[in-house]
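Below is one structure, written out as structure tokens; the observations come after it.
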């Protein structure tokens, strides 16, 4: 079920009303929300619920086992088993086809006819997010940062529908304590929730989908048909599209959770204002950055062990972070570019005897980020190469329209201005009477749905990850 | 107690109010939307494929549509926001429901017992052992259809970009010939031919078929018997007649590779039979490209097949669409036919 659809608009008010009606009776509320979340997930494919339930039971069993076990070696073996189950599930669904085709190609090259069976495996939406949250729970129990939750609490943590399919990647220690007692029905952040839902809808439907339709999809699809001005604008437009698409989803997810009385961590903080790559990763997909830091970079040794080892750890983390998005060389290249940028930045920070002005640092970081999005978005590396080569081919600007250029400039520009003036608008909106908030939400929904083509709202980009 | 993580900024959550206020807020929004968008909700439900979701949406959509019909605000809002819509306004001509019987459609308009003459257009010269009549140059190619054409259109555009062929992409997701309330393909064909004047049209559609047709007597013609296929064929023939531009253009209509699911296979077989029948009077210009046999030989679904000596996945996981490799294979077949029909691909 996608957020901006009629199905969800019917589903959510019913679930919200029943959730608050049942909130005081936790023995009823928890199974109800669990069932609602599984109904939400089954809309994509009911069979995916089996995978979700399987991961829940496997991780809960290993978390309990690791908690009961005293011997550290044994505890490590148990947690390694759990992580292997999680990553194995991810690998089968997400990487098997890619792996089998690549292995078969190599075997063919050497004339070895032992092909792996090929199958078009349906990718359960949000599997990467589900797997990461499951790993974080089991590992945090192993690290004794949290105690194992009850099975229903853990099942709710993994499946809670606002964050189920595209995050934010909520840590167990952030969410499970919120299940300890009923949410306070006198302290619901309705204004903040509605504001985020409205902003998220505008970002996704009116901005991201508009840019995709008008410039990004045509140019990335057939870059050889366009010259430098269109290709360059498409590059900037994709940077805006993916930000609005993904942060729009996150805004809606956080807003829905707030209406239900739950607080999720923030996932984006104006990433395109970053003046260093390190800062970019503290502002972009913050919950993924945090996950990669805590479960990959630091276990690899982090910045301990010298410069070379730090550089190696950064590269491994970023390349695997790229591969997390999917089995394609474009994602690997995207992660590699970011890894190299982080390593170069670290070397310069230690050795350079000068400091670049802020605007120049911003320009460099921003343009490297935009450049890295090209292999991320292009259907394959060959087309990414064509896209870049077209930047040197000057010709007419056929897709430069006022709405496209205006939206790209405004979205990037808004990230550069100070927070305060925008916060004033937000606080005023959030203070409106609930009925006025509802009317505002309806007005925005009517306006943004008017911009939807007859073919409906395309899925969020991050659903495929 | 959760450890505070400095990496995550805590967003101010605004003035907290009561849960009841949250419900008031959502209720106001829901009521406003039901009044304004009631007709759209009903329409969307009617366009959905049968199942639980359709039932639920229609359970809300029917009463909401009834209320919206009586209040009438929806039409005003629709008019006021029409400028925001990305959809092209189609002209009034060529719609499936205003088809005028012509001599080109043998069944329609013929006196009882009369035989409609077969015209030379019914014969592909190649089938008679002659040389295919080649057209001088392919300047503009229209690639149209539903989600099946999405991907194939990009592949065709890429392959022909260097030769200078202008490829117009018109994939309309979720549409179908038996689902004309979302997009009337009869009108769309007329509109595209007028606007783009294509030298060739590649048409690949059929992922959303199986919806009932309304018969002239007010009854419903359900998929997938001879009456349904006949109605489908009549509509497809009307589009072929539009696309072939009185013989000035070539049409490449792709038959459906069978989908994985059995009920969908029944629809696909009916669609394939219908379009083969529809093309019969125009075989001189309309080429039926057999994707059924290429991707599902012997009527058996397969996800992977041998492509250039390598076992390759050619279908998407949904068991309906072609993936990139499948689209590439389909494009190879189309380009072979284009090369046979046109002296040069490109402006020449």
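Protein chains in written order, with the numbering used here: chain S, 1 to 465; chain R, 466 to 813.
C-beta atoms are modelled at their ideal positions from N, C-alpha and C, and glycine is treated no differently.
query                                                                                                                                                                                    : result
Using the beta-carbon of each residue, which ones in chain S are nearer than 9 Å to residue 639/R?                                                                                       : 454, 455, 456
Hey, does residue 807/R have any beta-carbon neighbour from chain S nearer than 8 Å?                                                                                                     : no
Going along chain R, which residues have a C-beta under 8 Å from residue 59/S?                                                                                                           : None at all; the shortest Cβ gap to chain R is about 19 Å.
Check whether the segment 715-732 of chain R touches the segment 793-806 of chain R, counting contact only when three or more Cβ pairs, one atom from each stretch, lie closer than 8 Å. : yes
Can you check the segment 151-235 of chain S for any alpha helix (DSSP H) of at least 4 residues that lies completely inside it and give the ranges in chain order?                      : 151-159, 172-175, 190-201, 217-221
Measuring alpha carbon to alpha carbon, tell me which residue in 373/S, 190/S, 389/S, 39/S is nearest residue 440/S.                                                                     : 190/S
Which residues, in order along the segment 735-758 of chain R, keep a beta-carbon less than 9 Å from a beta-carbon of chain S?                                                           : none
Which residue from 651/R, 586/R, 645/R puts its Cα closest to that of residue 746/R?                                                                                                     : 586/R
Determine which residues share a DSSP beta bridge with residue 810/R and list them.                                                                                                      : 603/R
Comparing C-alpha positions only, which one of 225/S, 197/S, 19/S sits nearest to residue 391/S?                                                                                         : 225/S
Does chain R have any CB closer than 8 Å to the CB of residue 334/S?                                                                                                                     : no
Would you kindly report the start and end of the unbroken alpha helix (DSSP H) that includes residue 480/R?                                                                              : That residue, residue 480/R, is in no alpha helix (DSSP H); it is neither H nor E in DSSP.
DSSP on residue 772/R, reduced to helix/strand/coil?                                                                                                                                     : strand
Any beta-carbon of chain S closer than 8 Å to the one on residue 546/R?                                                                                                                  : yes
Just to confirm the assignment, what range does the beta strand (DSSP E) spanning residue 272/S have?                                                                                    : Element bounds for residue 272/S: n/a, residue is neither H nor E.
At 9 Å on the CB atoms, spell out the chain R contacts of residue 313/S, in chain order.                                                                                                 : Near residue 313/S there are no residues of chain R at all, since even the closest Cβ is about 17 Å away, more than 9 Å.
What are the complete alpha helix (DSSP H) segments, minimum 4 residues, inside the segment 51-97 of chain S?                                                                            : 72-90
Nearest-angstrom Cα distance between residue 470/S and residue 210/S?                                                                                                                    : The structure shown does not extend to residue 470/S, since chain S spans only 1 to 465, so no value can be given for it.
State the start and end residues of the unbroken beta strand (DSSP E) segment that holds residue 632/R.                                                                                  : 631-636
Return no unless some Cβ of chain R is closer than 8 Å to the Cβ of residue 318/S.                                                                                                       : no
Does residue 597/R have its Cβ less than 8 Å from a Cβ in chain S?                                                                                                                       : no
Taking residue 636/R and residue 612/R to be in contact with their CB atoms under 8 Å, please state how far apart those CB atoms are, rounded to whole angstroms.                        : 7 Å
Please look up how many angstroms separate the CB atoms of residue 65/S and residue 78/S, rounded, as I've assumed it's under 8 Å.                                                       : 5 Å
Less than 8 Å between CB atoms is the rule here; does residue 181/S satisfy it with respect to chain R?                                                                                  : no
What runs of the beta strand (DSSP E), each 3 residues or longer, lie entirely inside the segment 690-761 of chain R?                                                                    : 715-719, 751-754
Quick check: the Cα distance between residue 196/S and residue 129/S, rounded to an integer number of angstroms?                                                                         : 21 Å
Rounded to a whole number of angstroms, what is the C-alpha to C-alpha distance between residue 57/S and residue 521/R?                                                                  : 31 Å
Quick check on the DSSP output: the alpha helix (DSSP H) that includes residue 139/S runs from which residue to which?                                                                   : 127-142
With H, G and I counted as helix, E and B as strand and the rest as coil, what does DSSP make of residue 664/R?                                                                          : coil
State yes or no: is the C-beta of residue 740/R within less than 8 Å of the C-beta of residue 753/R?                                                                                     : yes
Pick out whichever of 94/S, 39/S, 72/S has its Cα sitting closest to the Cα of residue 324/S.                                                                                            : 94/S
Taking the runs of the alpha helix (DSSP H) that are 4 residues or longer, which of them lie wholly in the segment 332-419 of chain S?                                                   : 358-377, 381-390, 402-416
Secondary structure at residue 610/R, three-state DSSP: helix, strand or coil?                                                                                                           : strand
Going by DSSP, what residues sit across from residue 685/R in a beta bridge?                                                                                                             : 679/R
I think residue 780/R touches residue 791/R, with their Cβ atoms under 8 Å apart; what is that distance to the nearest whole Å?                                                          : 6 Å
For residue 174/S, does the count of other Cβ atoms within 10 angstroms reach 16, so buried, or fall short, so exposed?                                                                  : buried
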